[in-house]
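**Student:** For the sequence shown, position 385 (counting from the first letter as 1) is numbered 898 according to this note's numbering, and the numbering increases by one without interruption. Think of the CB as a built atom: it goes at the ideal place given N, C-alpha and C, for glycine as much as any other residue. These numbers come from a predicted model, not from an experiment. I am attaching a structure below and will ask some questions about it afterwards.
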Amino acid sequence: MKLRKAYRFRMRPTKTQEVGLYRMAGARRFIYNWALSRRKSYYAEHGKGISARELSSELTALKSKPETLWLKEADSQMLQQALRDVDRAFEALFKRRSRFPRLRSKKAGHFTFRIPQRVRVEDGRVYVPKVGWVRIRQSRGVEGTTKSATFKRDATGHWYVALTTEFEIPDVEPPAPVNPVGVDLGLKDLFVLSDGERVRAPRFARTAERRLGRVQKDLSRKKPGSRRREKAKRRVAGVHRKVSNQRSDFLHKLTTDLTREYDCICHEDLNTKGLAKTKLSRSVLDAAFGEFVRQVEYKATWSFKHSVRVGRFFPSAKLCSECGKVNVNMTLSDRMWLCECGTQHDRDLNAARNILAEGMRLLAAGQTESQNARGEPVSLPRGSTAR
Ligand SMILES: [Zn+2]
Numbered sequence: 514m515k516l517r518k519a520y521r522f523r524m525r526p527t528k529t530q531e532v533g534l535y536r537m538a539g540a541r542r543f544i545y546n547w548a549l550s551r552r553k554s555y556y557a558e559h560g561k562g563i564s565a566r567e568l569s570s571e572l573t574a575l576k577s578k579p580e581t582l583w584l585k586e587a588d589s590q591m592l593q594q595a596l597r598d599v600d601r602a603f604e605a606l607f608k609r610r611s612r613f614p615r616l617r618s619k620k621a622g623h624f625t626f627r628i629p630q631r632v633r634v635e636d637g638r639v640y641v642p643k644v645g646w647v648r649i650r651q652s653r654g655v656e657g658t659t660k661s662a663t664f665k666r667d668a669t670g671h672w673y674v675a676l677t678t679e680f681e682i683p684d685v686e687p688p689a690p691v692n693p694v695g696v697d698l699g700l701k702d703l704f705v706l707s708d709g710e711r712v713r714a715p716r717f718a719r720t721a722e723r724r725l726g727r728v729q730k731d732l733s734r735k736k737p738g739s740r741r742r743e744k745a746k747r748r749v750a751g752v753h754r755k756v757s758n759q760r761s762d763f764l765h766k767l768t769t770d771l772t773r774e775y776d777c778i779c780h781e782d783l784n785t786k787g788l789a790k791t792k793l794s795r796s797v798l799d800a801a802f803g804e805f806v807r808q809v810e811y812k813a814t815w816s817f818k819h820s821v822r823v824g825r826f827f828p829s830a831k832l833c834s835e836c837g838k839v840n841v842n843m844t845l846s847d848r849m850w851l852c853e854c855g856t857q858h859d860r861d862l863n864a865a866r867n868i869l870a871e872g873m874r875l876l877a878a879g880q881t882e883s884q885n886a887r888g889e890p891v892s893l894p895r896g897s898t899a900r
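Structural data, given as structure tokens:
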């Protein structure tokens, strides 16, 4: 089975290299826009679309014209990729998946380019054709062969490289688990494991929420189009990036630890408890839970282990893990409860144990296969760092 893995690293270009990156992004933007208008004018003239081959040879001709000679300084495969990107944009249009492709502009922050295949990562550096070896903040080794690399400058002026690699794993079921765990997703304790371990919700989420509120208010007071407004905008983007990096680092560490320590992770399908009170923290938490589930599943697959989703209608909290009786009178606020059988329960720990038992039951019944067969979705959520 072939799996794809996605990575994203912050780049640390020197001043000269940064100029090179901007030059590549500029060439990409130029060719993208050129291809877009060339397709339009060709269609107007001939009543049919220009073939990819023809457009590609026009590009070659364009590169030897005196006024566009500078295009030779950009990687030629990168420019070919820009043509393919325009093709794809039109395909999406024809399939009615998106609107008419728009021109790329500096102002809208289109500082990006993509290079197929040849990008290498070695010793904390990434090789960018025509730019050279650029230092990156590499949080972990890159596995598999590179399928594509996208270089992008974000709203705060930082450059990132996003890589997609492909690698092979054996096409058989992982061995039967000997060290499984159940995970209950909570609010006060973000995660409670069936063996009693608890992970508290990180403090940074709330601190960041306050800071975000402040910079956003600040932004709303600035005059549209002013320089101060641009500055305030960058500050908001900066806080967003920081929060999402912190959250992502936290979750990645957690899910990596889980899939390293246990060979079967049983968890809930979704966060169904409606825990958070305010709208904002609600959405933040939902996103975190969704991301948790996604990471646990692909990391389990990568490391050849199991992950089991327990259905959202499974009464994990209300079931006594000792006698199996369902406590119908329980409310959301009950942290502790006493079962008729005499067992005193901690709500979350009991739930984690039930999730483990139900997960193992599903696994034994062979009802989880489709979930383990899934690979890593290739597109990363915005602002996250894969590892
Ligand atoms: Zn009981």
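Within the same chain, show all residues whose beta-carbon is closer than 6 Å to that of Val821, passing over the 5 residues directly before and after it, in chain order.
**Tutor:** Result list for Val821: Cys779, Gly872, Leu875, Leu876, Thr881, in chain order.
**Student:** Does DSSP classify Met514 as helix, strand or coil?
**Tutor:** Correct three-state label for Met514: coil.
**Student:** Considering only the alpha carbon of each residue, which of Gln594, Thr529, Ala565 lies closest to Arg542?
**Tutor:** When each option's Cα is compared against that of Arg542, the closest is Gln594.
**Student:** Buried or exposed: where does Cys854 fall if 16 or more other Cβ atoms within 10 Å of its Cβ makes it buried?
**Tutor:** Exposed, because fewer than 16 other Cβ atoms sit within 10 Å of the Cβ of Cys854.
**Student:** Is Ile682 near Phe827, with beta carbons less than 8 Å apart?
**Tutor:** Not in contact: Ile682 and Phe827 (Cβ atoms no closer than 8 Å).
**Student:** Which partner residues of Ala519 appear in the DSSP bridge assignment?
**Tutor:** BP columns for Ala519 point to Thr677.
**Student:** Are Glu804 and Leu764 closer than 8 Å when you measure CB to CB?
**Tutor:** Yes.
**Student:** Starting from the Cα of Arg631, find the closest Cα among Pro642, Phe624, Lys744 and give me that residue.
**Tutor:** Ranking Pro642, Phe624, Lys744 by Cα distance to Arg631 puts Pro642 first.
**Student:** Is it the case that the Cβ atoms of Met537 and Ala602 are separated by a distance below 8 Å?
**Tutor:** No, Cβ-Cβ distance for Met537 and Ala602 is not below 8 Å.
**Student:** Apart from the five residues just before and just after Thr459, which ones in its own chain have a Cβ nearer than 8 Å to its Cβ?
**Tutor:** Absent from the model: residue 459. The displayed extent of the chain is 514 to 900, so no value can be given.
**Student:** Within the same chain, show all residues whose beta-carbon is closer than 6 Å to that of Lys576, passing over the 5 residues directly before and after it, in chain order.
**Tutor:** Leu584, Lys585.
**Student:** Is the distance from the Cβ of Leu862 to the Cβ of Gly709 below 8 Å?
**Tutor:** Going by C-beta atoms, Leu862 is nearer than 8 Å to Gly709.
**Student:** Using a Cβ-Cβ distance under 8 Å, would Arg723 count as near chain C?
**Tutor:** In the displayed structure, chain C is absent; only one protein chain is listed.
**Student:** Report yes if the C-beta distance between Arg523 and Ile649 is below 8 Å; otherwise report no.
**Tutor:** Taking 8 Å as the Cβ cut-off, Arg523 and Ile649 qualify as a contacting pair.
**Student:** Please determine if the region 750-763 and the region 719-731 are in contact, where contact requires at least 3 C-beta pairs separated by less than 8 Å.
**Tutor:** As far as the Cβ criterion goes, the region 750-763 touches the region 719-731, which means the pair count is three or higher.
**Student:** Less than 7 Å between the CB of Lys831 and some heavy atom of ligand 1, yes or no?
**Tutor:** It does not: the Cβ of Lys831 is nowhere closer than 7 Å to a heavy atom of ligand 1.
**Student:** Using a Cβ-based criterion (distance less than 7 Å to any ligand heavy atom), does Cys852 qualify as near ligand 1?
**Tutor:** Indeed, a heavy atom of ligand 1 lies less than 7 Å from the Cβ.
**Student:** Quick one: Cα of Gly837 to Cα of Asn867, how far?
**Tutor:** Answer to the nearest angstrom: the Cα atoms are 9 Å apart.
**Student:** Applying the criterion that 16 or more other CB atoms from any shown protein chain within 10 Å of the CB defines a buried residue, is Tyr545 buried or exposed?
**Tutor:** It is buried - the Cβ of Tyr545 has at least 16 other Cβ atoms within 10 Å.
**Student:** DSSP three-state call for Pro579: helix, strand or coil?
**Tutor:** DSSP places Pro579 in helix when its eight states are reduced to three.
**Student:** Straight-line CA distance for Arg610 to Lys515?
**Tutor:** Near 27 Å, if we compare the C-alpha coordinates of Lys515 and Arg610.
**Student:** Consult DSSP for Thr769 and reduce its assignment to one of helix, strand or coil.
**Tutor:** Helix, per DSSP.
**Student:** Measuring only from the beta carbon, is Glu835 closer than 7 Å to any heavy atom that is part of ligand 1?
**Tutor:** Yes, the beta carbon of Glu835 sits closer than 7 Å to at least one heavy atom of ligand 1.
**Student:** Excluding sequence positions up to five away, which residues of its chain have a Cβ less than 6 Å from the Cβ of Thr581?
**Tutor:** Cβ neighbours of Thr581 beyond the five flanking positions: Leu575.
**Student:** Name the two residues that bound the continuous beta strand (DSSP E) containing His780.
**Tutor:** Where His780 is concerned, the enclosing beta strand (DSSP E) stretches over 777-781.
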